[in-house]
Amino acid sequence: MLLLYFSRFYWDEKVKLEDSFNATIDTLVQALDAKDTFTRLHSERVAAIATDLAQVKGLDEADRRKIAYGARIHDIGKVGIPDDVLLKPIRLTSQEFELIKSHTTRGAEILKPAARYFKEVLPIVLYHHERWDGRGYPEGRAGDAIPLWARIVCIADAYEAMTAGRSYSPPKSPQRAMQELEDLAGDQFDPELVKLFKGIWLQDPIWKDREVFLRSYTSPVPSLDLPLPSRSESGSATSPKSG
Ligand SMILES: [Fe+2]
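Here UniProt numbering is used: the first residue of the sequence shown is 1, the next is one more, and so on.
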């Protein structure tokens with residue numbers, strides 16, 4: 001009987017801890033959404049894509065849940081980037097681009113006080129802009145030296161960014177974004193993951209078309225009622241502000 005009581009007690013505590021972790025992630029995402037209205041729900045769609053990609057990669061449910069957490073806060077470091085740079089509607093200067101790039105290390109800094117809770121998702125925040133060929137940032141890691149979870153979020157992030165567009169570049173069609181991922185497989189992206197991505201993309205997942213995803217999405221917390229980017233062609237996977 002006593003054993004049953006303690007089992008129940010620890011289970012309740014575990015649920016409470018997970019609830020508060022979820023609430024913390026929601027708060028961080030809302031803070032970023034409030035700052036950068038153009039990328040509204042970007043992180044949620046990246047999380048949906050990354051979770052599916054992690055599944056076909058064979059990762060278990062516990063890992064997929066952690067990847068979703070990491071994907072939702074992957075750009076949290078952008079809260080530390082001045083608005084006039086983050087929201088600039090034209091191409092960035094090289095100095096401004098360097099500032100944008102710092103969102104990876106800034107994100108890791110923001111999570112530092114709670115590092116023991118975020119330690120598994122922190123590599124996603126820090127390394128989601130590394131490139132397979134070693135020409136990414138912040139450390140220029142290459143290939144398998146880039147943590148797998150960060151490689152997964154990197155592809156999800158690039159696809160979402162290309163199909164969403166940015167303040168200075170209109171969105172690409174899903175087909176064109178898919179083609180660009182394939183063109184950059186082995187350069188920017190993990191080639192095996194791109195193949196797996198194409199496999200699920202061909203099955204028309206809910207996230208394939210951004211507008212379809214946004215229409216069907218029910219936010220766990222009230223979303224800000226803000227305008228969405230319009231639809232047309234162009235943009236680049238390697239553009240400075242992608243992701
Ligand atoms: Fe990013």
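Backbone N, C-alpha and C fix where the C-beta goes; we use that ideal spot for every residue, glycine too. None of these values were measured; they are calculated from a predicted model.
Where do the N-terminal and C-terminal ends of the alpha helix (DSSP H) with residue i fall, by residue?
i    : result
I67  : 61-72
V153 : 148-164
R215 : 210-216
V56  : 42-56
F118 : 115-118
K101 : 94-101
F197 : 191-201
Q179 : 174-183
Y127 : 122-127
D83  : 83-86
For my contact list, residue i and residue j are in at a C-beta cut-off of 8 Å; report their separation, rounded to the angstrom.
i    : j    : result
A150 : Y127 : 4 Å
D209 : P174 : 6 Å
P138 : T105 : 5 Å
D36  : L86  : 6 Å
L41  : Y217 : 6 Å
Buried or exposed for residue i, going by 16 or more other Cβ atoms inside 10 Å?
i    : result
Q188 : buried
A9   : With the sequence shown as reference, residue 9 is identified as Phe, and Ala is not the correct amino acid for it. By the neighbour-count rule (16 or more Cβ atoms within 10 Å), F9 is not buried but exposed.
W11  : exposed
T51  : buried
K172 : buried
E211 : exposed
R215 : exposed
D19  : exposed
D75  : buried
R64  : buried
D192 : Going by the sequence as given, residue 192 is Glu instead of Asp. Counting Cβ neighbours within 10 Å, E192 comes out exposed, since fewer than 16 surround it.
G134 : exposed
E130 : buried
L181 : buried
L4   : exposed
L17  : exposed
L122 : buried
F213 : buried
L202 : exposed
Do residue i and residue j have their C-beta atoms within less than 9 Å of each other?
i    : j    : result
K78  : H103 : yes
E160 : V46  : yes
V125 : G107 : yes
I81  : L99  : yes
M178 : K198 : yes
I155 : L53  : yes
A48  : I206 : yes
V153 : A71  : yes
P113 : S167 : no
S43  : L59  : no
D190 : G136 : no
A185 : W132 : yes
Would a check of beta-carbon distances place residue i closer than 9 Å to chain C?
i   : result
E98 : Considering every chain present, this structure includes no chain C. It has just one protein chain.
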